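Structure record follows, encoded as structure tokens.
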Amino acid sequence: MRLYRRTMQTPSRVLGRTTTRILVVVRQLVAPLAGALFFVLWFVAEYNRHGDHPSPELFALLAVVIALSVWMPVVAMGLAVVVGVLQLVGLVAAPNENTWPAEAAVAFAVFFIAVFHRGLTRSLALPALAVCSILLGVVTGVPTDQ
Numbered sequence: 110m111r112l113y114r115r116t117m118q119t120p121s122r123v124l125g126r127t128t129t130r131i132l133v134v135v136r137q138l139v140a141p142l143a144g145a146l147f148f149v150l151w152f153v154a155e156y157n158r159h160g161d162h163p164s165p166e167l168f169a170l171l172a173v174v175i176a177l178s179v180w181m182p183v184v185a186m187g188l189a190v191v192v193g194v195l196q197l198v199g200l201v202a203a204p205n206e207n208t209w210p211a212e213a214a215v216a217f218a219v220f221f222i223a224v225f226h227r228g229l230t231r232s233l234a235l236p237a238l239a240v241c242s243i244l245l246g247v248v249t250g251v252p253t254d255q
């Protein structure tokens, strides 16, 4: 029984190092890959839906928000709020009946921040999501001339 306890408490050194290296690489690559995938899938999905091709600015900005969420979480949260303000002002296309689900990118970024960061950064993620949600509600709920 003593031998069993000892082996359960000390993991293999090779497996431990390999697993740690894999996790470090995955941590650094998961958000940028998710951001790139987000941009490609949304732009391809919306490209043939409209007679005039959609402008990729909204999708690109939201993809950058996802991509930066692991490396620079505060910048990602700030950019998410800036995207909402730009939509409110009219400099970036507001979400329409087809593109409003793309705004879930902010929730994905907050998820990555909550998983990979601790402390104040993690605590600021939820208020940033709330601000972005309020901005999205105003942008989609207020009638415009368009």
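Here this note's numbering = 1-based position in the sequence shown + 109. Even glycine gets a Cβ: it sits at the ideal position worked out from N, Cα and C. What you are looking at is a predicted structure, and each value in this text was computed from that prediction instead of being measured.
Which residues mark the beginning and the end of the alpha helix (DSSP H) in which residue 181 is found? No alpha helix (DSSP H) contains residue 181, which DSSP labels as neither H nor E.
Using DSSP with H/G/I as helix, E/B as strand and the rest coil, what is residue 133? helix
Which residue marks the beginning of the alpha helix (DSSP H) containing residue 171, and which one marks its end? 166-177
Are the beta-carbon atoms belonging to residue 174 and residue 230 less than 8 Å from one another? no
Excluding five sequence neighbours on each side, which residues of the same chain lie with their C-beta closer than 6 Å to the C-beta of residue 177? 184, 185
Under the three-state DSSP convention, the category residue 228 falls into: coil
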